[in-house]
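Here the protein sequences line up with chains Z and H, keeping their order.
So the first sequence is numbered by the working numbering: it starts at 1 and just counts up by one.
So the second sequence is numbered by the working numbering: it starts at 1001 and just counts up by one.
Read the structure below first, then the notes.
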Amino acid sequence: MKALRIIVSLILLLVIAFPMLYGVAVSFFPKSDFNESKARLFPSRLEFRNYYRALNIKNIGYYILNSVGSAALGTIIKLFSVILGAFAFSHLNFYGKKAILIILMATLFIPQDAILFQNYMTISSLHLLDTWLGIALPLSFSASSLILLTLSFSSSEKDYYDASRLDGAGDFRYISSILLPLNQSVVLLISIQAFVSIFNSFLWPLVVTNKAKARTLQIAITMLGFMEEGDYGAEMASIVLLSLFFVVITVIFKKRIEKALENGINIK
Amino acid sequence: MKRKECIKAYAYLLPCLILASVFFLYPFLNTLISSLLRINTSGVVLGFAGLSNYALLFKDKSFQNSILRTLLFTSLFVPLNTFLTLLASSLTARKIKGFGPVETIFFLPVAISLSGATLIFKEMFRGRVSIINRLLGLEIDWLNERFPAMLTLVFLGVFLDFGIDYILLLTSFRAIDKRVLEAAEIDGASSAQIYFHIELPLIMRMLLMTVFLAIKDALLIVAPIIILTEGGPFRSTETILFYYYIEAFKSGNRAVQNTVSTLMVLSAALVMVIYSLIFHRRDKK
């Protein structure tokens, strides 16, 4: 029984790992390997120049800067809005609490991709086409992060808040020196998730950028022109380089993500 | 409730409210209302149209085609995705020695971006000489034949969603109280009985969630198509949102853009409403 379990999981593993492994293999193919009548699994020799060419793409500095810049900007906006919102929901009493919560939750039912054109018009009328802010803004609100953080904030002791108020500390002081350190792991999880999702987004940045120098990496790699020239090796090399960072992050944070999910499942 | 506290709370909620209204609520309400109006190509409102924009839309052969393509994709993608992620998580739920890296690899697709994964699949399925044909001994021109192109898209979809669905199911399997399983074992239950009568019902909540999220994602699929097939061959992978994307950004057709947009938000919402209804009924039992 156990042997069967292991065999089936290994077959499944091969299926899931194959695209990633093949991508890495192709990134080392010399050009001549693509002209053979049967596709190769391994390169005839290791062609490192693919990586050299991937790193020397025209405008690559702009693409990196745009991806990192817009993702960082979006993450900051998201953290700022969600932390303040979650603080209000978890620590303050006010009229219309439920109504506001419902309004914010309604956004969960509105998928961004289905209102693409309207948001394009909004960003365009704000003169934010081809800017980091234009890429980041519509992607920097998430009701699910708000819920997650509100739940987490609610579970921390209210006594600290009362005590810090008696000591004359303002809300911002309390949030930055007590609330955030106490909820470090959730905040970290939300930040990573925000950064990765904006960095890896495709459709919205595609729509909202027109100038070549305003594009992000995810858009740029689909337009390198390597594919058209049959230069698949350099194309794959650029994808490998692009994925490497997040693969490392994922491996490092896997345990933490599982822990956070487990806690989430137990709360319900 | 003190007045000062109320004002403070509203101020703190302002950033969230602005982002939510400007980029979610306003665009949806705007398309909803516009879809009921007659608007000319330069954006001037000519009058109330009722549902005539919708009637026109449903008569459009391309839109009909896109509905069929989307339903085909959904009916292929959702079962395959559910089966494979459930299989992988069930098999690895009880820790096997040395399987840590296996779990990591099952989870790893979350680290690969949509465009990266799509380009890799484009290469894997490129023409008759593709690596997939060689390994499976096939002679299919995957991306230039109707059904194979759809299948390629389904496989890509499974790969893209695999990591997150796997980890969600895996953690819910592992959150099951071990004492329950041990008690069943002592009572002489076979491992198949334990799996189907105890474990599966206990993770049903999460399984349902992943299934409904998959349905929603499938109905809304568009980005991989833009990179992989551009709707081809012969419009065989032209889904509803791909049709919307082309009409809105390439043809500038406002009536189509407003009606499709409204319909898709409503269908995505409907899927989530059905999900929460099932969820609540299960809870009451």
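Every residue, glycine too, gets a C-beta built ideally from N, C-alpha and C.
Under the three-pair Cβ rule at 8 Å, the region 180–187 of chain Z counts as touching the region 143–154 of chain Z. For Val196(Z) and Ala99(Z), the gap between their C-alpha atoms comes out near 31 Å. For Leu1108(H), there is no enclosing beta strand (DSSP E), as DSSP gives it neither H nor E. Taking a contact to require three or more Cβ pairs closer than 8 Å, the region 1176–1196 of chain H and the region 1268–1275 of chain H do not qualify as touching. Within chain H, the residues whose beta carbon sits less than 9 Å from that of Asn93(Z) are Met1001, Lys1002, Glu1005, Cys1006 and Ala1009, listed in sequence order. Contact annotation: Gly225(Z) and Asn50(Z) have beta-carbon atoms that are not nearer than 8 Å. Distances from the CA of Thr107(Z) to each of Glu1145(H), Leu1017(H) and Thr1118(H) were compared; the closest alpha carbon is that of Leu1017(H). At the C-beta level, Val247(Z) and Ala1093(H) stay beyond 8 Å of one another.
Beta-carbon to beta-carbon, Leu79(Z) and Tyr1012(H) are separated by about 14 Å, too far to satisfy the 8 Å threshold. If you compare the alpha carbons of Phe1249(H), Ala1049(H), Cys1006(H) and Tyr1243(H) with that of Asp1060(H), the shortest gap goes to Tyr1243(H).
Within the region 213–242 of chain Z, Gln218, Ile219, Ile221, Thr222, Met227, Tyr232, Glu235, Met236, Ile239 and Leu242 place their CB atoms closer than 8 Å to a CB of chain H, listed in sequence order. Here the C-alpha atom of Leu1220(H) lies approximately 15 Å from the C-alpha atom of Ala1248(H). With a 10 Å radius around the Cβ and a threshold of 16 neighbouring Cβ atoms, Ile16(Z) comes out buried. Going by beta carbons, Leu12(Z) and Leu1087(H) fall inside the 8 Å limit. Against chain Z, the beta carbon of Arg1134(H) has neighbours under 9 Å at Lys38, Ala39, Arg40 and Leu41, listed in chain order. Looking only at Lys213(Z), Trp204(Z), Lys255(Z) and Ala237(Z), the smallest Cα-Cα distance to Asn59(Z) is reached by Lys213(Z).
Contact between Thr1239(H) and Val1222(H) holds: CB atoms are separated by about 6 Å, below the 8 Å threshold.
Neighbours of Asn1030(H) in chain Z, taken as residues whose beta carbon is under 7 Å from its own, are Gln118 in chain order.
Residues are counted here when their Cβ sits less than 8 Å from a Cβ of chain H; for the region 58–84 of chain Z these are Ile77, Phe80, Ser81, Val82 and Leu84, given in chain order. Under the Cβ criterion (8 Å, minimum of three pairs), the region 1025–1038 of chain H counts as touching the region 109–129 of chain Z. Taken in chain order, the members of the region 1103–1122 of chain H whose beta-carbon sits within less than 9 Å of a beta-carbon on chain Z are Glu1103, Thr1104, Ile1105, Phe1106, Phe1107, Leu1108, Pro1109, Val1110, Ala1111, Ile1112, Ser1113, Leu1114, Ser1115, Gly1116, Ala1117, Thr1118, Leu1119, Ile1120, Phe1121 and Lys1122. Shown in chain order are the members of the region 1073–1090 of chain H whose Cβ falls below 8 Å from a Cβ of chain Z: Leu1084, Leu1087 and Ala1088. Per DSSP, Gly1047(H) lies in no alpha helix (DSSP H) segment; the continuous beta strand (DSSP E) that holds it begins and ends at Val1045 to Phe1048. Shown here, Leu206(Z) sits in a helix according to DSSP, grouped into three states. In chain H, no part has a C-beta under 9 Å from the C-beta of Ser177(Z); the shortest such distance is about 17 Å.
Inclusion of Thr1210(H) and Leu1168(H) in the CB contact set at 8 Å is warranted, their separation being smaller than that value. Checking the DSSP bridge columns, you'll see Ile60(Z) has no partner listed.
Note that the C-beta distance between Leu104(Z) and Ala143(Z) is below 8 Å. Within 7 Å of the CB of Phe246(Z), the CB atoms of chain H belong to Ala1111, in sequence order along the chain. Arg1126(H): not part of any beta strand (DSSP E); DSSP gives it neither H nor E. Bounds of the alpha helix (DSSP H) holding Leu1151(H) are Arg1146 to Arg1174. For His91(Z), the number of other beta carbons within 10 angstroms of its own is at least 16, and it is reported as buried. Under the rule that a run must span 4 or more residues, the alpha helix (DSSP H) segments found entirely inside the region 74–157 of chain Z read 97–106, 116–125, 132–136 and 143–154. Residue range Leu1037 to Ile1039 is occupied by the beta strand (DSSP E) that includes Ile1039(H). Apart from sequence neighbours up to five positions away, the residues of its chain that approach Arg1069(H) with a beta-carbon distance below 6 Å are Glu1238 and Thr1239, ordered along the chain. By the neighbour-count criterion, in which 16 or more other beta carbons inside 10 Å mark a residue as buried, Gln1257(H) falls on the buried side.
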